[in-house]
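Visitor:
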Amino acid sequence: MVAAGTSSGTQPLVQRVWQVLETVMDPEIPVVSIVDLGIVRHVRLWEDGRVHIGITPTYSGCPATELIHRSIREALLGEGLPEVVLETVLWPAWTSEWLTEEGRRKLEAYGIAVERTPSGRIACPRCASQAVERVSEFGSTPCKAHYRCSACLEPFDTFKCI
Amino acid sequence: MITAAESNTDAVSAEQRLRYLLRLADTSLVLGQRLSEWVGHAPTLEEDLALGNITLDLIGQARLLLAYAAQVEGRGRDEDQLAFLRDAAEFCNVSLAEQPNGDFGQTIVRQVLLDAWQVELYQSLVGSTDAQLASIAAKAMKECRYHWRFSCGWLVRLGDGTEESHARVQAALDGLWRFTGELLTPDALDAHMASHGIAPPLAAIRSRWEARIDAALEQATLRRPPPAYFPWHGKRGVHTEHLGHLLAEMQHLQRVHPGATW
Numbered sequence: 031m032v033a034a035g036t037s038s039g040t041q042p043l044v045q046r047v048w049q050v051l052e053t054v055m056d057p058e059i060p061v062v063s064i065v066d067l068g069i070v071r072h073v074r075l076w077e078d079g080r081v082h083i084g085i086t087p088t089y090s091g092c093p094a095t096e097l098i099h100r101s102i103r104e105a106l107l108g109e110g111l112p113e114v115v116l117e118t119v120l121w122p123a124w125t126s127e128w129l130t131e132e133g134r135r136k137l138e139a140y141g142i143a144v145e146r147t148p149s150g151r152i153a154c155p156r157c158a159s160q161a162v163e164r165v166s167e168f169g170s171t172p173c174k175a176h177y178r179c180s181a182c183l184e185p186f187d188t189f190k191c192i
Numbered sequence: 014m015i016t017a018a019e020s021n022t023d024a025v026s027a028e029q030r031l032r033y034l035l036r037l038a039d040t041s042l043v044l045g046q047r048l049s050e051w052v053g054h055a056p057t058l059e060e061d062l063a064l065g066n067i068t069l070d071l072i073g074q075a076r077l078l079l080a081y082a083a084q085v086e087g088r089g090r091d092e093d094q095l096a097f098l099r100d101a102a103e104f105c106n107v108s109l110a111e112q113p114n115g116d117f118g119q120t121i122v123r124q125v126l127l128d129a130w131q132v133e134l135y136q137s138l139v140g141s142t143d144a145q146l147a148s149i150a151a152k153a154m155k156e157c158r159y160h161w162r163f164s165c166g167w168l169v170r171l172g173d174g175t176e177e178s179h180a181r182v183q184a185a186l187d188g189l190w191r192f193t194g195e196l197l198t199p200d201a202l203d204a205h206m207a208s209h210g211i212a213p214p215l216a217a218i219r220s221r222w223e224a225r226i227d228a229a230l231e232q233a234t235l236r237r238p239p240p241a242y243f244p245w246h247g248k249r250g251v252h253t254e255h256l257g258h259l260l261a262e263m264q265h266l267q268r269v270h271p272g273a274t275w
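If you're matching them up, the sequences are chains Y and B in order. The opening position of the first sequence corresponds to residue 31 in my numbering, with each subsequent residue numbered one higher. The opening position of the second sequence corresponds to residue 14 in my numbering, with each subsequent residue numbered one higher.
1. Is it buried or exposed for aspartate 78 (chain Y), if we count other Cβ within 10 angstroms and need 16 for buried?
2. Among B:Leu37, B:His270 and B:Leu235, which has the Cα closest to the Cα of arginine 149 (chain B)?
3. Hey, would you say leucine 35 (chain B) sits closer than 8 Å to alanine 82 (chain B), going by beta carbons?
4. Pull out every residue of the region 53–80 of chain B whose Cβ sits closer than 9 Å to any Cβ of chain Y, in chain order.
5. Per DSSP, which residues does valine 73 (chain Y) bridge with? Please list them.
6. Along the chain, where does the alpha helix (DSSP H) containing histidine 205 (chain B) start, and where does it finish?
7. Check whether the Cβ of glycine 68 (chain Y) lies closer than 8 Å to any Cβ atom in chain B.
8. Between B:Arg237, B:Ser141, B:Glu195 and B:Ser208, which has its C-alpha nearest valine 182 (chain B)'s C-alpha?
9. For alanine 201 (chain B), does the count of other Cβ atoms within 10 angstroms reach 16, so buried, or fall short, so exposed?
10. By DSSP, does threonine 120 (chain B) sit in helix, in strand, or in coil?
11. Of all the beta strand (DSSP E) runs that stay within the bounds of the region 126–173 of chain Y, which reach a length of 3 or more residues?
12. Verify the CB distance criterion: does tyrosine 159 (chain B) have a CB-CB separation below 8 Å to chain Y?
13. Identify the continuous beta strand (DSSP E) that holds valine 44 (chain Y) and give its terminal residues.
14. So, for phenylalanine 117 (chain B): in the same chain, excluding its five sequence neighbours on each side, which residues have a beta-carbon less than 6 Å away from its beta-carbon?
15. Going by alpha carbons, who is nearest to threonine 8 (chain Y) out of Y:Pro185, Y:Ser180 and Y:Tyr89?
16. For glycine 210 (chain B) and arginine 191 (chain B), I'd like the C-alpha separation in whole angstroms.
17. Using 8 Å as the limit for Cβ to Cβ distance, is isoleucine 192 (chain Y) near chain B?
18. Ignoring anything shorter than 4 residues or poking outside the region 84–154 of chain B, list the alpha helix (DSSP H) runs there in chain order.
19. With distances taken from CA atoms, which of Y:Glu167, Y:Gly110, Y:Glu104 and Y:Gly108 is nearest leucine 116 (chain Y)?
20. Taking a contact to mean a Cβ-Cβ separation below 8 Å, would you say serine 108 (chain B) touches threonine 253 (chain B) in this structure?
21. Report the residues of the region 76–97 of chain Y with a CB closer than 8 Å to any CB of chain B, ordered along the chain.
22. How far does the alpha helix (DSSP H) with leucine 259 (chain B) in it reach, from first residue to last?
23. How big is the Cα-Cα spacing for glycine 272 (chain B) and isoleucine 59 (chain Y)?
24. Going by C-alpha to C-alpha distance, which of B:Gln232, B:Tyr33 and B:Leu44 sits closest to glutamate 111 (chain B)?
25. Excluding the 5 residues preceding and the 5 following alanine 180 (chain B) in the sequence, name in chain order all residues of the same chain whose CB lies nearer than 7 Å to its CB.
26. Can you list, in chain order, the residues of its chain whose CB lies under 7 Å from that of leucine 186 (chain B), leaving out five sequence neighbours each side?
27. Could you list the residues in the region 133–157 of chain B with a C-beta less than 7 Å from some C-beta on chain Y, going in chain order?
28. Output, in sequence order along the chain, the residues in the region 216–228 of chain B whose CB is closer than 9 Å to any CB in chain Y.
29. Pull up the distance between the alpha-carbon of lysine 190 (chain Y) and that of methionine 263 (chain B), whole angstroms please.
Laid out in structure tokens, this is it:
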């Protein structure tokens, strides 16, 4: 279980894998990458020469998880990189705090608000009004809740704080 | 947190660990299957999505737990085989999870009682001496807290709502209360797991569960029913008649076409 990859010759491969992972988009929210979502927990080159990638699911039953695994393999293969080992990491459990700042900006630009703290303030991604009401604790995917703006009357999704 | 932890976990046999994992896994699986019956039938689209999302979380938890159980069992079975090819008497879920949905109010009452239990249980299991179980619990705990937020919110709206909604959820509570004894009463396996720090003592879960439920009932202006004798032992595979019907539907395809994928 010892991760190698400290010698300078091996780092470029790890960096290259990270670069490719940044292009793998979430299948349900195609504007954010899996790196933006914070679900890539590690990329390590092992002594046997294989790259191990640790992925954590956002929610236990997120149906996108398997598709994400396939997308990763396809993206790396497309870039001519060697076959990798995908590991599921359960601990520590994913938290929306791992969403990158870049990821938050992209979500908001896409029309999805981001809840920063549980029951914290949420602004309408369309008109920025904070006069919003929660329609449902759950939305179109496990990671989102459903809101409506009282100012511009538009409905919108909110990335849940969990 | 688990306080009665002991370092000696060797005395827990694989069979005992497997049985305990199945109690957790099957409760999530059976409750998830029950909730999925609402998909396409809930009172509004938003609640339909909510119940469907909770279903996904529960089945995801069941999958993680069953995969671990299969590994502990070590007989080459995987999580799908455990879910789809066991008979009712081999299921170890608490009997409350298999009770029919009834109306929306009854589904909410069942959910409130089980969410409170799962939140408290998983919160404690994060400190389990079983590292794999602790990892799964850390994830499940967050999801169950969110489920509780949903179910408790509805309990208050319905209980403190109209005369009709109040009467319906009170009736559901009166009808389902007798199944709660099983959640909180330890049997030999629960006690054995607790003595090795794998699971929390159920007495501790009971007091926290009661505090949580009492506060919710008060806010919902509902009356807590008196304690009731429970003759059901779902945890040991002795179920109400409802489980067999549920499994018949859930397992039908895999029984007819073993290993089918699509």
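All C-beta atoms in this analysis are idealised placements derived from N, C-alpha and C, irrespective of residue type, glycine included.
Guide: With the given structure in hand:
1. Label assigned to aspartate 78 (chain Y): exposed.
2. It should be noted that the sequence gives isoleucine, not arginine, for residue 149 (chain B). Ranking B:Leu37, B:His270 and B:Leu235 by CA distance to the CA of isoleucine 149 (chain B) puts B:Leu37 first.
3. Contact: yes.
4. Those would be Thr57, Leu58, Glu59, Glu60, Leu62, Ala63, Leu64, Gly65, Asn66, Ile67, Thr68, Leu69, Asp70, Leu71, Ile72, Gly73, Gln74, Ala75, Arg76 and Leu77, in chain order.
5. Beta-bridge pairing links valine 73 (chain Y) to Y:Ile83.
6. It spans 201–208 - the alpha helix (DSSP H) in which histidine 205 (chain B) sits, taken as one unbroken run.
7. No, its Cβ sits nowhere closer than 8 Å to a Cβ of chain B.
8. The closest CA to that of valine 182 (chain B), considering only B:Arg237, B:Ser141, B:Glu195 and B:Ser208, is found on B:Arg237.
9. Classification for alanine 201 (chain B): exposed.
10. Three-state DSSP puts threonine 120 (chain B) in a helix.
11. As far as the region 126–173 of chain Y is concerned, its whole beta strand (DSSP E) runs of at least 3 residues are 142–144 and 162–166.
12. Output row for tyrosine 159 (chain B): interface = yes.
13. Premise fails: valine 44 (chain Y) lies in the alpha helix (DSSP H), 41–51, not in any beta strand (DSSP E).
14. The answer, listed in chain order, is Pro56.
15. This structure cannot settle anything about residue 8 (chain Y), because the visible part of chain Y is limited to 31 through 192.
16. Going by the C-alpha atoms only, they are around 29 Å apart.
17. Taking Cβ atoms only, chain B reaches closer than 8 Å to isoleucine 192 (chain Y), which makes this a yes.
18. Fully contained in the region 84–154 of chain B are the following alpha helix (DSSP H) runs of length 4 or more, in chain order: 92–97, 108–111 and 117–138.
19. Ranking Y:Glu167, Y:Gly110, Y:Glu104 and Y:Gly108 by Cα distance to leucine 116 (chain Y) puts Y:Glu104 first.
20. Result yes, Cβ atoms of serine 108 (chain B) and threonine 253 (chain B) sit closer than 8 Å.
21. So the list reads Pro87, Tyr89, Ser90, Gly91, Cys92 and Pro93, given in the order they occur along the chain.
22. Run containing leucine 259 (chain B): 255–269, per the alpha helix (DSSP H) assignment.
23. A direct Cα-Cα distance of roughly 32 Å separates glycine 272 (chain B) from isoleucine 59 (chain Y).
24. The shortest Cα separation from glutamate 111 (chain B) among B:Gln232, B:Tyr33 and B:Leu44 belongs to B:Leu44.
25. The beta carbon of alanine 180 (chain B) lies closer than 7 Å to none in the same chain, with the five residues before and after it left out.
26. Val122, Leu235 and Pro238.
27. For chain Y, the residues of the region 133–157 of chain B that bring a beta carbon within less than 7 Å of one of its beta carbons are Ser148, Ile149, Ala151, Lys152, Ala153, Lys155 and Glu156, in chain order.
28. Those residues of the region 216–228 of chain B that come within reach of chain Y (Cβ to Cβ, closer than 9 Å) do not exist; the list is empty.
29. Rounded to whole angstroms, lysine 190 (chain Y) and methionine 263 (chain B) show a C-alpha spacing of 30 Å.
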